[in-house]
Amino acid sequence: MALLLSDVRLITPVRTVDPAAVVISDGGIIEYAGSVSGHPGGLCLPGHIVVPGFIDVHTHGGHGITFGSGDDLAGDLRAYSVWAAGTGVTGFLCTLAAPDAISLHNLVRAYAELFERDRFPGAQPLGLHLEGPYLNPERKGAFNEAWLRRPLVDEVRTLLSAGHGWIRQMTLAPELPGADAVAALLRDAGVVPALGHSNTDYATASAALAGPFAHVTHTFNAQRGFHHREPGVLGAVLASDGVTAELIADTVHVHPGAMKVLVRCLGPDRVVLITDAMAAAGLGDGQYELVGHKVWVENGVARQSNGTIAGSTAVLSTCVRNMVNAVGVSLQDAVKMATMNPAKVARVADRQGQLVPGYAGNLAVLDAGLDVKMTVVGGRVVYDRDVQDQHHGG
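In our numbering, the protein residues as written are 94 to 487.
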C-alpha cells in the first residue's frame, strides 16, 4: 500500500521545502518528494519535519545489546532493529571487536550470513564496521589492550572473504607497521579505511589521509590532539582535503566549541554524526561491558573504573539536536551529517540518505522539538510514538 505524508516541512537534505509532501510507492520507493498546495490527503502532519532516515555507521549496540556478544546474534540483531527505529535510525553498521583473530573471523562470517538470510523488522543493518584490532595501544580508549595487534594483510584477506562484501569500514592506526598495505587492500576491496585510535604525528597522519585512508573514526577521541608546534592527528584531520570525519555529538565526548571548529574546517558535507553507542543506550545507569572491559554508566555517561570515557549512551536524534542547539548549525546541515554523509561511508548513497524519487522510502518524522514521532523503512511505518504511547498506557 502506498504511503502519503502531507502538510509537512521536508528536508531532503539538499533543500528544505515547506509545505511539502512525500509519496512512497507500494514497492517502498519514493515517487515524489516536494512542494504541495492545499491538503492532498494521506497522513497530514502539520508542524512536523520529515527527514531521511538516520544512518549510524559507528555503533556497538544499544538497549542492552552489544554486537558480537551473547548466544543469540540473530535475536539480538532483530531486537536492536526494532529499538533503533524508535530513534529515527533506518540503517546502521554493526561495529565489531573481538579478543582474537579466530573470534573476529567467526563473528564476521556469522553476521554476513545473518544479513543475507534474515529479514529485520525495523532499522536495517547495512554491513559491518571493524574497529580494530589494529589500534595503537597508546590510544586504545576503552579497548582491552590484549585485543590489539599489528596489521596483517593475510588476516584481512581472510576477513574480507568471510564478510562476503558486508565489511564497509575498518578502523586502524596508520603508524603501525603494515597499516599502509592493509589500508590499500581495504580501499581496493571497496572498504573504507578509517584512521582512528592513533598517536602518530602530523606528517604521518597527513600522508595517510592523502593516501588510502578516506575516513576518520570519532574525531578528537582516542587520537593525538592539536598543538601549535606539533598539530598531531587532529591537526592533520582539520587540514585534510576530501576525507570524512566522524563526530560523537553528545556534548560529553566533544565540547560544542570543538564541534564548531570541526564543522568550520571540514564543512557540513564531510562531518558524519555517529553515536559510538554501547549497550546502555536507551537504558538507565548501571554496570555494562564493552570491548573487553567493565563499564559504569552514571548520569548517562559511560566510564571505565579509571575514569576513561567508554562509548556513549547517545542516539542520533539527540546528536542532530545538539548540532542545532549547542553548535549552531542549520537543521538542514545537521540532518545531512546524519543521513547523506554517512550513506556515503556505508556505500549506500546511490539509494539511501536523501528524500528524492527513486530512493528507498526510509524517513523519520520529527516534531518541533526534534524528537522522533515516526520512522518509516521501505515505505512501512516501523515506529509510531503515538501507537507506542497508547500501548504502554494500556
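Just so it is clear, CB atoms sit at the ideal spot from N, CA and C, and this is done for glycine as well.
- As summarised for the segment 297–337, the continuous alpha helix (DSSP H) elements at least 4 residues long and confined to that stretch are 325–331, given in chain order.
- The secondary-structure analysis by DSSP pairs residue 147 across a beta bridge with 182.
- Shown here for residue 346: same chain residues with a beta carbon closer than 8 Å to its own, the five before and five after excluded, namely 311, 313, 314, 369, 402, 405 in chain order.
- When secondary structure is reduced to three states using DSSP, residue 416 falls in the helix class.
- Judged by pairs of C-beta atoms under 8 Å, the segment 233–249 does not touch the segment 296–307, as fewer than three such pairs exist.
- Counting along the chain, no beta strand (DSSP E) covers residue 461, and no H or E run does either.
- The three-state secondary structure of residue 382, taken from DSSP, is strand.
- Comparing C-alpha distances from residue 365 to each of 323, 340, 372 shows the shortest one belongs to 340.
- The closest CA to that of residue 216, considering only 395, 187, 260, is found on 187.
- Annotated as distal: residue 195 and residue 144, with beta-carbon spacing of 8 Å or more.
- Looking only at 471, 322, 464, the smallest Cα-Cα distance to residue 296 is reached by 322.
- Secondary structure note for residue 195: its alpha helix (DSSP H) is the uninterrupted segment 194–210.
- Cβ neighbours of residue 392 within its own chain (closer than 8 Å, five residues either side excluded): 378.
- In the same chain as residue 410, and ignoring 5 residues on each side of it, the C-beta atoms closer than 8 Å to its own belong to 147, 180, 181, 457, 459, 463, 464, 465, in chain order.
- Counting only runs that start and end inside the segment 258–287, the beta strand (DSSP E) elements of at least 3 residues fall at 260–265.
- Under the DSSP assignment, residue 396 falls in the beta strand (DSSP E) whose first and last residues are 394–396.
- Rounded to the nearest whole angstrom, the C-alpha separation of residue 191 and residue 161 is 8 Å.
- The alpha-carbon separation between residue 257 and residue 98 amounts to approximately 37 Å.
- For residue 249, the enclosing alpha helix (DSSP H) stretches over residues 246–256.
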